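Peer 1:
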Amino acid sequence: MRWALWLLAWVGLYALILPAYQAELGVELAEVPEGTDLERMAALPVYVISGNELRWLRTKQVLASLHLLAQRIHPPKATYKLAEEGYKAHSYDKDVNLDDATTQREFSLLATWERLLQHIAGDPDMAESDFALIFEDDIALHDDLSHAAARRAILHGLDIARDDGLLTLGICVPDCQNVSAEWYEGIQYDKCASLCSHAIAVTKLRAVTLMDQLHEAIHIDFKKWEYDSYYHGHCIDQLLRLYAYAHGGTWTVASNLRSDQSPPWGDELGVFYQDRWRSKSTINARRTLRSLSQL
C-alpha cells in the first residue's frame, strides 16, 4: 500500500512540474539582428536525443539560453530485436549479450545516431560546410562561462573545425595533444580524444561518411591502447574515441575548463558537461570503470 501512495505522490508532482516547464520553454526565440552571434547561433540545426520529457525540457532550456533552438529526437525503443539488427548490420567479431538492458540501450543510441546522421547528410537546407549540433539530454553549461562567452567560444570552435567537419563541445576522460592547442578569449581549443557523446557538432559533408568511418576505426591497431580487451563496437562514445585516435584527435572547445562534477575516473572538460546531479546516467557505471581500468 505504501508504494502505491508514493507512486501517486510522484505522479502528482510530475503533473505539477511538467506544465510549468512547458509554459517556460514554449515561447519561440525572438528575432535577432542580422550579422550577430545570436543570428549565427539561432540558424544552427540543433538536435537533442531524449526519451525523457523532463530531461528534454531541461536541456532545451539550457540550449535556449544560448539562442539555440533545439529539436527533440526520440531514440527507438531498446529491445533485443533492435540490438540484434544492429549487431548483424555491423558484423561485430565479439560476442555481445543482446539480452542485457544496457547493451540494448547502447544499440538504441547507436541507431539514433545513424538515422540522425543520415538526416543531416540529406538536409536540403544545409550547405556541405554547415554544422549541425547533437546533444544528449543531460548537459549543463560550464559555470565559468557567461552566455555571451559560451556563444563566442562555440562559434569560434565551429570556424576552427570546419575543414575537419567534427567538433566536440564537451569531453570525458580526455586525452588531449596540447601541441595543437589554440587560444581565443581565454578559451583553449585542442585536439583530443573523448569517451562521451553528449555534445557534438558535425558538418553535412562529414555526416555523409562519419558512421562508416567510426566503424572502420574499430579495426585500426593502436599500440598505446589495447582496446580489444574491453571494446564494445556498439557504443557511440567509444566509437568517437577510436575515431579521434585514427584522425589525430577531434577539435574540442574549452579543453581548459574542468567541471566540478568530474567523476573519480576522469575529468569532464568543455563548454558543456554531463549534469549528473540532475540527470542520472543510463549507462552501467561499473562497466565503464572496468573498461577504463584497461587503459
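Position 275, counted from 1, in the sequence shown is what our numbering calls 277; the numbers after and before it change by one each time, with no gaps.
For each residue, glycine too, the CB sits at the ideal point set by N, CA and C.
Keep in mind that this is a model prediction, so the values were computed, not measured.
#1: Taking just the CA atoms, how far does D97 sit from A45?
#2: State the Cα-Cα distance for the pair E36 and H69, rounded to the nearest angstrom.
#3: What does the Cβ neighbour count give for G53, buried or exposed, with the cut at 16 atoms within 10 Å?
#4: Within the continuous beta strand (DSSP E) that includes R74, where are the two ends?
#5: Threshold first: 3 residues or longer. Then list the beta strand (DSSP E) segments lying entirely within the segment 141-180, N to C.
#6: Is there at least one Cβ from chain D nearer than 8 Å to L68's Cβ?
#7: Go ahead and pull the three-state DSSP assignment for V273.
#8: May I ask you to verify whether the segment 116-123 touches the segment 98-108, counting CB pairs closer than 8 Å and requiring at least 3?
#9: For A195, which option in A209, A246, E270 and S261 has the closest C-alpha, if you only look at C-alpha atoms?
#10: Between the Cα of L212 and those of G250, G167, L171 and D192, spot the shortest distance and give me the residue it belongs to.
#11: Since A256 contacts I202 with CB under 8 Å, what's their CB separation in whole angstroms?
#12: Taking the C-alpha atoms as reference points, what is the distance between D277 and D140?
#13: Tell me, please, which residues DSSP counts as bridged to F137.
#14: Whose C-beta lies closer than 6 Å to the C-beta of F137 among residues of the same chain, with five residues either side of it excluded?
#15: Which same chain residues, not among the five before or five after A155, have their C-beta less than 8 Å away from its C-beta?
#16: Can you name, in chain order, every residue of its own chain whose Cβ lies under 6 Å from the Cβ of S261, other than the five neighbours on each side?
#17: Kindly list the residues whose CB is nearer than 7 Å to the CB of V210, restricted to its own chain and excluding five residues on each side of it in sequence; keep chain order.
#18: Can you give me the Cβ contacts of P77 inside the same chain, cut-off strictly under 7 Å, excluding the 5 residues immediately before and after it?
Peer 2: For this structure:
#1: Stepping through the sequence shown from its first residue, residue 45 is reached at position 43. Stepping through the sequence shown from its first residue, residue 97 is reached at position 95. Computed Cα separation, rounded: 43 Å.
#2: Position 34 of the sequence shown, counting from 1, holds the residue named residue 36. Position 67 of the sequence shown, counting from 1, holds the residue named residue 69. Approximately 14 Å, taken between the alpha carbons.
#3: As a working note, residue 53 is residue 51 in the sequence shown. So G53 ends up on the buried side.
#4: By 1-based counting over the sequence shown, the position of residue 74 is 72. Its beta strand (DSSP E) spans residues A72 to I75.
#5: List check, beta strand (DSSP E) in window: 141-143, 168-170 and 172-174.
#6: Note that chain D does not occur in the displayed structure, where there is just one protein chain.
#7: Working through the sequence shown from its first residue, we reach residue 273 at position 271. Three-state result, V273: coil.
#8: Remark: fewer than three beta-carbon pairs, one from each stretch, lie closer than 8 Å, so the segment 116-123 and the segment 98-108 are not flagged as touching.
#9: Numbered from 1 along the sequence shown, position 193 holds the residue referred to as residue 195. When only C-alpha atoms are compared, the closest one is A246.
#10: The residue given as residue 212 occupies position 210 in the sequence shown. Across the set G250, G167, L171 and D192, the C-alpha of G167 shows the shortest separation from the C-alpha of L212.
#11: Sequence index remark: in the sequence shown, residue 256 carries index 254 (1-based). Sequence index remark: in the sequence shown, residue 202 carries index 200 (1-based). A Cβ-Cβ distance of about 14 Å is found for the pair A256 and I202, leaving them out of contact under the 8 Å criterion.
#12: Counting from one through the sequence shown, the residue named residue 277 turns up at place 275. Counting from one through the sequence shown, the residue named residue 140 turns up at place 138. Answer to the nearest angstrom: the Cα atoms are 6 Å apart.
#13: Walking along the sequence shown from the start, residue 137 turns up at place 135. Bridge partners of F137: V50 and A201.
#14: Mapped onto the sequence shown, residue 137 falls at position 135. Counting only Cβ-Cβ distances below 6 Å, and skipping sequence neighbours, we find V50 and A201.
#15: Stepping through the sequence shown from its first residue, residue 155 is reached at position 153. So the qualifying residues of the chain are L147, Y186, E187, I189, V255, A256 and V273.
#16: Along the sequence shown, read from residue 1 onward, the residue named residue 261 stands at position 259. Cβ neighbours of S261 beyond the five flanking positions: E270 and Y275.
#17: As a position in the sequence shown, residue 210 is number 208, starting the count at 1. A123, listed in sequence order.
#18: Here residue 77 is taken as the residue at index 75 of the sequence shown, counted from 1. The residues are I51, G53, S110, L111 and T114.
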